[in-house]
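Undergrad:
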Amino acid sequence: VAKTQEAAISSLPAEIVANKSTYKTVEAVANREKNQKGAGFTRVYGDDTGEVVITVFLYNNLEFGMTAEVSPATETLMDKHLQEFSAMQDSGLYDSVNAGEKNVRDLRWSGRKFQVLEVPVAFNQREEAKKSYLVLGANPDLLSYVRIRFTYPQGRRDVERNKNIVTARILNALAVFAKEQNAR
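Just so we're aligned: the sequence shown equals residues -13 to 170 in my numbering.
#1: Buried or exposed: where does arginine 155 fall if 16 or more other Cβ atoms within 10 Å of its Cβ makes it buried?
#2: Could you check what DSSP says for threonine 137 in three-state terms: helix, strand or coil?
#3: In the DSSP output, what is leucine 157 paired with across the bridge?
#4: Using 8 Å as the threshold, is the C-beta distance between tyrosine 45 and serine 130 below it?
#5: For valine 224, which option in Asn168, Ala0, Leu68, Lys6 has the closest C-alpha, if you only look at C-alpha atoms?
#6: Starting from the Cα of glycine 36, find the closest Cα among Lys165, Arg147, Thr11 and give me that residue.
#7: Identify whether leucine 128 lies in helix, strand or coil by the three-state DSSP scheme.
#8: What three-state label does DSSP hand lysine 117 in the structure shown?
#9: Going by alpha carbons, who is nearest to threonine 62 out of Leu103, Phe27, Met74?
#10: Do the CB positions of valine 38 and phenylalanine 71 come within less than 8 Å of each other?
#11: Mind checking arginine 29: buried by the 16 CB within 10 Å criterion, or exposed?
#12: So, are the CB atoms of phenylalanine 100 and alanine -6 less than 8 Å apart?
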């Protein structure tokens, strides 16, 4: 399982272009399993300014019977991630944490449909107003959830415009990988 998940995260493109922005790989593959059981693997992207960080998490725990659509299990997992923001505020890392409403979004890319659950979160970090956009989707072929976290200064409207394209490209790349694995 871990080898497949690691190969899946490794299969993501080295850079993602969305509109006029390019997000390049900053950290190709990191095994988060060492720190937290079930955490899986990540790939981190950034822009040339160093202000934008996009972290893709592919979970390592198998979810049998999962669907590609947003489900109560997806909602529960998102709630868990929102609690992490509260914990960061409690620890003093962040302040003024304000989570927005959960939203289900349908995306299409290369003829594929994806459904994700997304939540904007505003917060301050070292006196700087920042925003995180959490996106959670599922890949039933990999039996895994995919979480994408966009973090950027609040004034960066370009990231907000690009997030759906970036999300669709990542989910599509994972779908292509899963299809190739199933064909073997």
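All C-beta atoms in this analysis are idealised placements derived from N, C-alpha and C, irrespective of residue type, glycine included.
TA: Answer, in terms of the structure:
#1: It is buried - the Cβ of arginine 155 has at least 16 other Cβ atoms within 10 Å.
#2: Three-state DSSP puts threonine 137 in a strand.
#3: Partner(s): none; leucine 157 has no beta bridge.
#4: Closer than 8 Å, so yes.
#5: Since the first and last residues shown for the chain are -13 and 170, residue 224 lies out of range.
#6: Nearest of Lys165, Arg147, Thr11 to glycine 36, Cα basis: Thr11.
#7: Coil.
#8: DSSP places lysine 117 in strand when its eight states are reduced to three.
#9: With distances taken between Cα atoms, threonine 62 lies closest to Leu103.
#10: Judged by their CB atoms, valine 38 and phenylalanine 71 are not nearer to each other than the 8 Å cut-off.
#11: With a 10 Å radius around the Cβ and a threshold of 16 neighbouring Cβ atoms, arginine 29 comes out buried.
#12: Taking 8 Å as the Cβ cut-off, phenylalanine 100 and alanine -6 do not qualify as a contacting pair.
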